[in-house]
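Participant: Taking the working numbering, I'd label the letters of the sequence shown as residues 590 to 1571. Note that CB positions come from ideal geometry on N, CA and C, so glycine has one too.
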Amino acid sequence: MDKTFEAGAIESRWAQWWEQNGCYAPSGAGEPYSIMIPPPNVTGTLHMGHAFQHTVMDALIRYQRMLGRDTLWQPGTDHAGIATQMVVERNLKLAGEPARLDLGREKFLEKVWEWKRYSGGTIEGQIRRMGSSVDWSRNRFTMDEGYSKAVVEHFVKLHEDGLIYRGKRLVNWDPVLLTAISDLEVVSEEENGKLWHFRYPLADGSGHLVVATTRPETMLGDTAVAVHPEDERYAALIGKSIRLPLVNREIPIVADDYVDREFGTGCVKITPAHDFNDYALGARHKLPMINVLTPDAKIREYAEFHLRGEHKTDDAKFAEQLSRLPYAGLDRFDARKKIVAEFESLGLLEKIDDHKLKVPRGDRSGAVVEPFLTDQWFVDLTRKSQPDGRPGGYTAITQPALEAFTSGRIKFVPENWINTYNQWLNNIQDWCISRQLWWGHRIPAWYDADGKVFVARSAFDAFNLAMGGQGEFALLSLLKVASDDSTEVINEKLRESGNERFCLRQDEDVFDTWFSSDIWPMATLDWPTKNEALAKFYPSSVLVTGFDIIFFWVARMVMMGQYFMRDVPFREVYITGLVRDPEGNKMSKSKGNVLDPLDVIDGIALDELVKKRTTGLMKPETAPKIEAKTRKDYPKGIEAVGVDALRFTFAALATQGRDVRFDAARAAGYRNFCNKIWNAARYVLMNCEGQDTGLDASLPIELSAADRWIISRLQKVEAEAAEHFRNYRFDLLSTALYQFVWNEYCDWYLELSKPALQSDNEAAKRGTRRTLVRVLEAWLRLLHPLMPFITEEVWQQVRTLAGAEGETIMRTAYPISAAHKIDEAAEADIEWLKAFILGVRQIRGEMDIPPGKVLPLLIQDASDSDADRLSRLAASIEFLARVETPRVLGAEEAPQCATALLGTMKLLVPMAGLIDKDAEIARLEKRIAQLESDVVKVQARVDNPNFGKAPEAVQQQARDLLAKQQQDLAALRDQRERIAAL
């Protein structure tokens, strides 16, 4: 083995070898175990959250593979509709190319696919870099042909079952992205705003009502004023009307329990087309809906007037009311200023109050979201039954998703996340699944000239449906229309043959990305086709994901998995925490605290790190602050730690139910753990290569107490590992393995092995060599799921010596504890021996005696068991403690000695002649003087009246330091007195 561990060279070599030799593919034997990777954005890059979750998933897969199970870790990427379209539009702008609308749909989609080909492999390369053992031969993309067919089948089947409908509904509308977005994609944060109080004149001229609003521009679409039915102030006005200023529209005064009598004046303006609560109230009172905004949030030239499900723009009754709107073409916020100014000029502005309010913004664009009335596609999740008697969405989809967890067929880890899941499902609304984008799965619905809709699996099927009602089935055959012809091709053939009346247009919208991905666990296994992989690996064993997409994805996969497969999509859901910075802040580009996992793996210079963190900021003015913080936190940049150290760091931090505070310094500490492993292996090889390691069973083997101790401890850590894997306690797993490898094997057993290796007893040598290599080989297998690269490299070096078989550690058996190898007596012996050696070392440290100096040692008050161990373990005691043969005192009085206690037994080291008395006293006096000075300074700081103003953590740190200094000072003074007495 090389003298030093170089992670980079080892990682690249083994990652390539594993993949080329098919090590990641299912074995075809054993009980199936599968994980479906949460598909990252195909054009994205690996972030710390990915790296954390991939560490967990890969550890599980490698562990189960080593248990002999038939494992599949299914890889793939998501097309990420909104995110990818935004990136490509931004790239076009930066390149000075035509914008999306100027290019047209077909040309724009060519640009997206071009971008996908350019950047799509980045994240897959990074996943490979992390050592993730996914089966790349099954790699899927949500826009590939097979997956796209599954998405279409998903939609069409739900539509055929009456569980999908199209309707004009109020949705969250992003006026920058020009698309509907879900409630889950809206971020509402408290902002400073205003509350405007307007006077609305009564239609009969007898007075006015005062209404309060935070969105004055929506008053152009008001269709009522509401009061509480029990509010005596307004009881006489219910049923009367007001004359809406600026648009001169007469609207009713209605009574509704929704109104809060204590808020404002108790009068509420009702705008059903621009507020979700007003929409519901309007439905109860059959109020018209008036849309006054364009899709990009400007005032329309003419209002759109709707009754529930019936369009009324051309109704003569409303012609006068639908006159041209004021402020047409103005942005909503510019129109707001104009409207407030005009109310003031008309004497109708009562007052303006400062007001804090929750402002909804799109999580991607940052734009203020508008409730907007549009035609959208919805999944029914709320009806118990349909008019024709078939089960509605609640019965068929929502209720089974709730019962999946209450029945125990799926469980959350940690279990508390079931509350979040249930809370959302118990308050669920119908799901808007259409998006006004171009990148994504286009909705398979076609419209004829009259607006009639035909939902079908292909354009060919849609035209067949459209013509079927008119007895025109044969026309497509006559025109030689192929089953895979596009809508455009079929329309062209119809036009050329004079049959333009049969032309159809496909819906322009695409599916919400989460609708496309809610069939991920089955579509990646080639559903809806029945096949061996689907039968074997569905349901998957566990889903590893973050709490932030329990609604977006987890619940919806449960819904659709049960609906289509009649079974849950996974058995367990392991919820990871968020990866935060060392101070506990969420990592974000805007905060400048993001770390690229590859920069931790490979290292990065300070200037390069600063450049990465300050380039492309949404707020460039924050760059100096981000640079200063980065230079303070990483004055030397980030040193390379390698993949194994990063993975082990994540495992160590994976405490259930808690977010991860990632500190690069801790990862550097685990790089030292890699070095420890490497050096331990080199020691073993130096002592065992070319030597007899017990492979010949006919030769005698003698095991020392230390050999039996480490074998026994191995059994216990093997049992712990199995338990921690079973309970997803990667933090406890990593701690147990670290303690065993570093403290017990490397720090103690390697030292304890030396007396036997240096003895003349061949059977003892053979026993210790066998134990050295076999225990090393076993804990390499224990560590492999967490640290795959270094364990493979070292295992290849020691496997022959240990008698292990196989080409790769990945395909060897995971160690299983053997109870008959547990030796409590040996463990007790070695724990006693360790305490004995530490006692002697404590004396050396206190007396400043060189570690190599052989000391005389007296024993006092030894019990029978102490005396027995002194006899049996004498060789180890003398070798490791560097002492003469211990002499047990009888009744005689001991000379002046330094003392350490081991139970009731005293370890005594006579001081006379061991040290230069005068030089040692002088040294102690110097240390005492320095420490007395330090105590005075810290005491003065603690006693300062202003000290109480410091943060509590700072105060406690100072108090703890003072206590330690005082304790150390007392010990030094005691030591000085003992030396002086010699």
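Starting from the C-beta of Leu1561, find all residues in its chain whose C-beta is less than 7 Å away, skip the five residues before and the five after it, and write them out in chain order.
Facilitator: Leu1513, Arg1516, Ile1517, Leu1520
Participant: Out of Ile1419, Lys1175, Gly936, Arg1400, which has the shortest C-alpha to C-alpha gap to His786?
Facilitator: Gly936
Participant: How many angstroms separate the CA atom of Lys700 from the CA atom of Val677?
Facilitator: 7 Å
Participant: Mind checking whether Pro764 and Glu893 have CB atoms under 7 Å apart?
Facilitator: no
Participant: On the three-state DSSP scale, how would you describe Lys906?
Facilitator: The pLDDT assigned to Lys906 is 48, lower than 50, so where the model puts this residue is not dependable, and the model offers no usable value.
Participant: Does the beta-carbon of His900 have 16 or more other beta-carbons within 10 angstroms, so that it is buried, or is it exposed?
Facilitator: With a pLDDT of 38 at His900, under the threshold of 50, the modelled position of that residue is not reliable, and no figure is offered here.
Participant: Could you tell me which uninterrupted beta strand (DSSP E) segments, each at least 3 residues in length, are contained entirely in the segment 1527-1553, listed from first to last along the chain?
Facilitator: none
Participant: If distances are taken between C-alpha atoms only, which option among Lys1082, Glu1077, Ala684, Val800 comes closest to Leu1068?
Facilitator: Lys1082
Participant: If distances are taken between C-alpha atoms only, which option among Trp1028, Cys1021, Gln988, Asp1418 comes closest to Gln1012?
Facilitator: Gln988
Participant: Roughly how many whole angstroms lie between the Cα atoms of Ala648 and Arg755?
Facilitator: Annotation: Ala648 to Arg755 spans about 45 Å, alpha carbon to alpha carbon.
Participant: Are the beta-carbon atoms belonging to Leu991 and Leu970 less than 7 Å from one another?
Facilitator: no
Participant: In terms of DSSP beta bridges, what is Trp1027 paired with?
Facilitator: Beta-bridge pairing links Trp1027 to no other residue.
Participant: Can you find at least 3 beta carbon pairs, one from the segment 1102-1120 and one from the segment 659-673, that sit closer than 8 Å?
Facilitator: yes
Participant: Judging by CA-CA distance, which residue of Leu759, Lys783, Val1002, Arg979 is the nearest neighbour of Pro580?
Facilitator: Nothing can be reported for residue 580: it is not among the residues displayed for the chain, which extend from 590 to 1571.
Participant: Determine the closest residue to Asp1074 out of Gly1057, Asn1053, Lys947, with distance taken between C-alpha atoms.
Facilitator: Asn1053
Participant: Apart from the five residues on each side of it in sequence, which residues of its chain come closer than 7 Å, Cβ to Cβ, to Arg972?
Facilitator: Gly981, Gly982, Tyr983
Participant: Grab me the residues of Pro1003's own chain with a C-beta within less than 7 Å of its C-beta, minus the 5 sequence neighbours each way, in chain order.
Facilitator: Ile1164, Gln1245, Gly1246
Participant: Can you look up Gln1095 in the DSSP assignment and give me helix, strand or coil?
Facilitator: When DSSP states are grouped into helix, strand and coil, Gln1095 belongs to the strand group.
Participant: So which of Trp1116, Val1472, Glu1541 has the shortest CA-CA distance to Ile1438?
Facilitator: Val1472
Participant: Less than 8 Å between C-beta atoms, sequence neighbours within five positions excluded: which residues of the same chain meet that for Ser934?
Facilitator: Cβ within range, chain order: n/a, list empty.
Participant: Would you identify the three-state DSSP class for Pro841, choosing helix, strand or coil?
Facilitator: strand
Participant: Terminal residues of the continuous alpha helix (DSSP H) containing Glu992?
Facilitator: Per DSSP, Glu992 belongs to the alpha helix (DSSP H) from 988-995.
Participant: Three-state secondary structure (DSSP) at Phe1136?
Facilitator: helix
Participant: By the 10 Å Cβ neighbour count, where 16 or more other Cβ atoms means buried, how is Ile888 classified, buried or exposed?
Facilitator: buried
Participant: Give me, in chain order, the residues of the same chain whose beta-carbon lies closer than 8 Å to that of Gly597; leave out the 5 immediate sequence neighbours on both sides.
Facilitator: Asp1191, Ala1229, Gly1231
Participant: Under DSSP, the beta strand (DSSP E) around Lys927 begins and ends at which residues?
Facilitator: Looking at the DSSP string, Lys927 is not in any beta strand (DSSP E); the run it does join, the alpha helix (DSSP H), is 921-934.
Participant: Tell me which residues share the same chain as His743 and place their Cβ nearer than 6 Å to its Cβ, disregarding the 5 neighbours each side in the sequence.
Facilitator: Ile1108
Participant: Using the rule of at least 16 other Cβ atoms within 10 Å of the residue's Cβ for burial, across every protein chain shown, is Lys906 buried or exposed?
Facilitator: Unreliable placement is indicated for Lys906, whose pLDDT of 48 sits below 50; no coordinate value is reported for it.
Participant: With DSSP collapsed to three states, give me the class of Glu959.
Facilitator: strand
Participant: How would you write the range of the alpha helix (DSSP H) that Asp1222 sits in, first residue to last?
Facilitator: 1212-1222
Participant: Give me the Cα-Cα distance between Pro1374 and Leu683, rounded to the nearest whole angstrom.
Facilitator: 44 Å
Participant: Within a Cβ cutoff of 6 Å, which residues of the same chain sit near Pro1377, ignoring the five residues on either side of it in sequence?
Facilitator: Gly720
Participant: Can you tell me the Cβ-Cβ gap for Thr1576 and Leu1093, rounded? I've got them flagged as a contact below 8 Å.
Facilitator: Residue 1576 lies beyond the stretch modelled for the chain, which goes from 590 to 1571, so this question has no answer here.
Participant: I'd like to know whether the C-beta atoms of Arg658 and Tyr622 end up nearer to each other than 7 Å.
Facilitator: yes
Participant: Nearest to Tyr1036 by alpha carbon, out of Pro841, Arg1202, Gly997, Met1056?
Facilitator: Cα-wise, what sits closest to Tyr1036 is Met1056.
Participant: Determine the closest residue to Ile1138 out of Asp772, Asn880, Leu784, Ile1419, with distance taken between C-alpha atoms.
Facilitator: Asp772
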